[in-house]
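A.B. asks: A single structure is presented below for examination.
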Amino acid sequence: MDNVVSFGSEAHRRPARARRWPVLPLAAAGWWVVGALPWIVDGLGARSPRNWPFDVATGSATDGYITLLPFTTARLGLLLTITLVGGAAAALAVRWVSPRPESRRSSSAVAALAGLGAVAAAAYSTLQSAGATRQLGSDFDRDDRVLVGVLAVAVAGTVAGLAIGLVLVLGRPVLRALAAAPLAVALGSWASAVVIALLGLERGRPLLIWTPTLTAVAVGLTLAAVGVRSLWRVVVWPLVVLLVAVCTAGQTAFSYLASYLRPRSGLPSGLRDHVEASRDVFLRAIQPEFQAWGAYAVAVAVGLVGAGVLWLRADPRRRSAGDQQRPAAASAAAADERVDATRR
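Using our numbering, you'd call the opening residue of the sequence shown number -11 and step up by one each time.
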């Protein structure tokens, strides 16, 4: 008999990317490895090991201790950046199954797996960080009110980053562009933190001036997907740029507030005054004279170039016209060859 059963054939092999379960560990790894990369790199070059019994015995953790996450008020900005980018990176694990799931139920199931992976990684890291801070932190850092506030920032950043990432992966172009604005601002801070962790502040200063350009390019790529095919999509462009400006000003105000969350700064009675001062900083940072107009121009330029490229690739009329021109050109060339042959 010539019938041979092939156990290794494609008919008996399920494609690896058709399985959903890898989304969960990929999302967990994305949250920690990608999101916390600045802190991981900083920890690799730090003098104090992440060995809590050793730190307690030697006393090396008394000043500037290192935790699994930057669970101090002085590093709240970095903590928010890590959790935002980590949540978005976890959402990208949805792409393991397919760029666009076949049904709404499949999309919801894969998104739930990504969310579960991000929550698992975030819960493990934040609980360990909170426990280490409670044991080894200063009296200010391990105060319950301070610790709960830092924990709230970590949770809010993770949830917001995961939601933004899912919109970027599963949403329509307009929603993706609006969601990309806060993520692009966080991505700029994340890249700056990676550079500082690798090179230090002084050596990395020449590279830090390019982080606004990185933010602008990220925004421009999402604007390219929006395009200019309708008036509504054209209106979205300034809305996205305005949202970038608002998020940048909010980031500045948050950093200003975090700088006052320290011992001997009048807390907790002076917290309201610090919040009001941060609000004034936000209103000041949103004014036109403090805007990065050059970065906005780069974002619009990248968006226009990208939209033009996508339009040329997707326009069926141009494609059909090109297909019609090719046979005509070929027939004309053949006719010329026949005329040349008869003349010879």
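In this text, a Cβ means the ideal position worked out from N, Cα and C, and glycines have one as well.
Everything numeric in this text was worked out from a predicted model, so none of it was measured.
1) Is the separation between the beta-carbon of VAL162 and that of VAL224 shorter than 8 Å?
2) Give, in chain order, every unbroken run of the alpha helix (DSSP H) that is at least 4 residues long and sits entirely within the region 104 to 171.
3) From ASP131 to ALA302, what does the alpha carbon distance come to, in whole angstroms?
4) Measuring CA to CA, which of VAL216, GLU277, LEU271, LEU66 is closest to ALA237?
5) Going by CA-CA distance only, name the one from THR60, LEU101, ALA233 that's closest to VAL136.
6) Please state whether DSSP places GLN275 in a helix, a strand or coil.
7) Do LEU67 and LEU57 have their beta-carbon atoms positioned less than 8 Å apart in this structure?
8) I need the straight-line Cα distance from ALA172 to ALA295, nearest angstrom please.
9) Looking at ALA77 and GLY18, is the spacing between their C-beta atoms short of 8 Å?
10) Note the first and the last residue of the continuous alpha helix (DSSP H) segment covering LEU227.
11) Based on Cα-Cα distance, which residue from ALA168, THR240, TRP220, ARG191 lies nearest to LEU72?
12) Report the residue from VAL141, ALA148, VAL155 whose alpha carbon sits nearest the alpha carbon of ARG83.
13) Quick one: is GLN239 buried, meaning 16 or more other Cβ sit within 10 Å of its Cβ, or exposed?
14) So, with DSSP's three-state summary, where would you put TRP9?
15) Quick check: what's the CA-CA separation for GLN123 versus VAL141?
16) To the nearest angstrom, report how far apart SER177 and LEU219 are at their CA atoms.
17) Using beta-carbon positions only, say whether VAL182 and VAL29 come within less than 8 Å of one another.
18) Could you check what DSSP says for TRP27 in three-state terms: helix, strand or coil?
19) Excluding the 5 residues preceding and the 5 following PRO200 in the sequence, name in chain order all residues of the same chain whose CB lies nearer than 7 Å to its CB.
20) Can you give me the C-alpha to C-alpha distance between PRO276 and THR121, rounded to a whole angstrom?
21) Could you check the C-alpha separation between VAL229 and VAL157 for me, to the nearest Å?
22) In the structure shown, what three-state DSSP assignment does VAL85 receive?
23) Any contact of the region 101 to 113 with the region 9 to 16, i.e. 3+ C-beta pairs under 8 Å?
24) Using 8 Å as the threshold, is the C-beta distance between LEU150 and THR114 below it?
25) Quick one: what does DSSP say VAL216 is sitting in, helix, strand or coil?
26) Can you tell me whether LEU227 is buried or exposed? The criterion is at least 16 other CB atoms within 10 Å of its CB, across all chains shown.
27) Give a yes or no on whether the C-beta atoms belonging to GLY74 and GLY23 are separated by under 8 Å.
28) Just to confirm my understanding: we take VAL269, look at its own chain, exclude 5 residues before and 5 after, and list those with CB closer than 7 Å. What are they?
29) Just tell me which of ASP129, ILE70, ALA111 has its CA closest to the CA of ALA62.
30) In the structure shown, what three-state DSSP assignment does ILE70 receive?
31) What is the DSSP secondary structure of ALA179, counted as helix, strand or coil?
C.D. replies: Looking at the coordinates:
1) Walking along the sequence shown from the start, residue 162 turns up at place 174. Walking along the sequence shown from the start, residue 224 turns up at place 236. Yes.
2) Qualifying alpha helix (DSSP H) stretches, in chain order: 132 to 158.
3) Here residue 131 refers to the residue found at position 143 of the sequence shown. Here residue 302 refers to the residue found at position 314 of the sequence shown. If I take the Cα positions, the gap works out to 58 Å.
4) As a working mapping, residue 237 is identified with position 249 in the sequence shown. ALA237 has its Cα closest to that of LEU271, out of VAL216, GLU277, LEU271, LEU66.
5) Taking the first residue of the sequence shown as 1, we reach residue 136 at position 148. It is THR60.
6) Here residue 275 refers to the residue found at position 287 of the sequence shown. GLN275: coil per DSSP, three-state reduction.
7) The count along the sequence shown starts at 1 and reaches residue 57 at position 69. The count along the sequence shown starts at 1 and reaches residue 67 at position 79. Taking 8 Å as the Cβ cut-off, LEU57 and LEU67 qualify as a contacting pair.
8) Here residue 172 refers to the residue found at position 184 of the sequence shown. Here residue 295 refers to the residue found at position 307 of the sequence shown. Rounded to the nearest angstrom, the two C-alpha atoms are 19 Å apart.
9) What you label residue 18 is simply residue 30 of the sequence shown in a count that begins at 1. What you label residue 77 is simply residue 89 of the sequence shown in a count that begins at 1. In this structure, ALA77 lies closer than 8 Å to GLY18 by Cβ.
10) Position 239 of the sequence shown holds residue 227. 219 to 248 is the extent of the alpha helix (DSSP H) around LEU227.
11) Working through the sequence shown from its first residue, we reach residue 72 at position 84. The candidate whose alpha carbon is nearest that of LEU72 is ALA168.
12) As a working note, residue 83 is residue 95 in the sequence shown. It is VAL155.
13) If you number the sequence shown from 1, residue 239 lands on position 251. GLN239 comes out buried.
14) Along the sequence shown, read from residue 1 onward, the residue named residue 9 stands at position 21. Coil, per DSSP.
15) Here the question's residue 123 lines up with position 135 in the sequence shown. Here the question's residue 141 lines up with position 153 in the sequence shown. Distance between the alpha carbons of GLN123 and VAL141: 20 Å.
16) Here residue 177 is taken as the residue at index 189 of the sequence shown, counted from 1. Here residue 219 is taken as the residue at index 231 of the sequence shown, counted from 1. Whole-angstrom Cα-Cα distance: 33 Å.
17) One-based indexing of the sequence shown puts residue 182 at position 194. One-based indexing of the sequence shown puts residue 29 at position 41. In contact: VAL182 and VAL29 (Cβ atoms closer than 8 Å).
18) Position 39 of the sequence shown, counted from the start, is the residue given in the question as residue 27. Of the three classes helix, strand and coil, the one that applies to TRP27 here is helix, per DSSP.
19) As a first step, residue 200 is located in the sequence shown; it is residue number 212 there, counting from the start. Same-chain partners within the cutoff: GLY176, ALA280, ALA283.
20) Within the sequence shown, residue 276 is the residue found at index 288, counting from 1. Within the sequence shown, residue 121 is the residue found at index 133, counting from 1. Distance between the alpha carbons of PRO276 and THR121: 41 Å.
21) Within the sequence shown, the letter at position 241 stands for residue 229. Within the sequence shown, the letter at position 169 stands for residue 157. Whole-angstrom Cα-Cα distance: 20 Å.
22) For the purposes of this step, residue 85 is identified with residue 97 of the sequence shown, where counting begins at 1. Residue state, collapsed to three classes: coil.
23) yes
24) As a first step, residue 150 must be located in the sequence shown, where it is residue number 162. As a first step, residue 114 must be located in the sequence shown, where it is residue number 126. No; because the gap between Cβ atoms is not below 8 Å, this pair is not in contact.
25) The residue you call residue 216 lines up with position 228 of the sequence shown. For VAL216, the secondary structure class from DSSP, reduced to helix, strand or coil, is coil.
26) If you number the sequence shown from 1, residue 227 lands on position 239. The residue in question, LEU227, is exposed, as its Cβ has fewer than 16 Cβ neighbours within 10 Å.
27) Along the sequence shown, read from residue 1 onward, the residue named residue 74 stands at position 86. Along the sequence shown, read from residue 1 onward, the residue named residue 23 stands at position 35. Cβ atoms of GLY74 and GLY23: closer than 8 Å.
28) Residue mapping note: residue 269 aligns to position 281 of the sequence shown, counting from 1. THR240, ALA241, TYR244, listed in sequence order.
29) Here residue 62 refers to the residue found at position 74 when the sequence shown is read from its first residue. Closest by alpha carbon: ASP129.
30) Within the sequence shown, the letter at position 82 stands for residue 70. When secondary structure is reduced to three states using DSSP, ILE70 falls in the helix class.
31) Counted from its first residue, the sequence shown places residue 179 at position 191. ALA179: helix per DSSP, three-state reduction.
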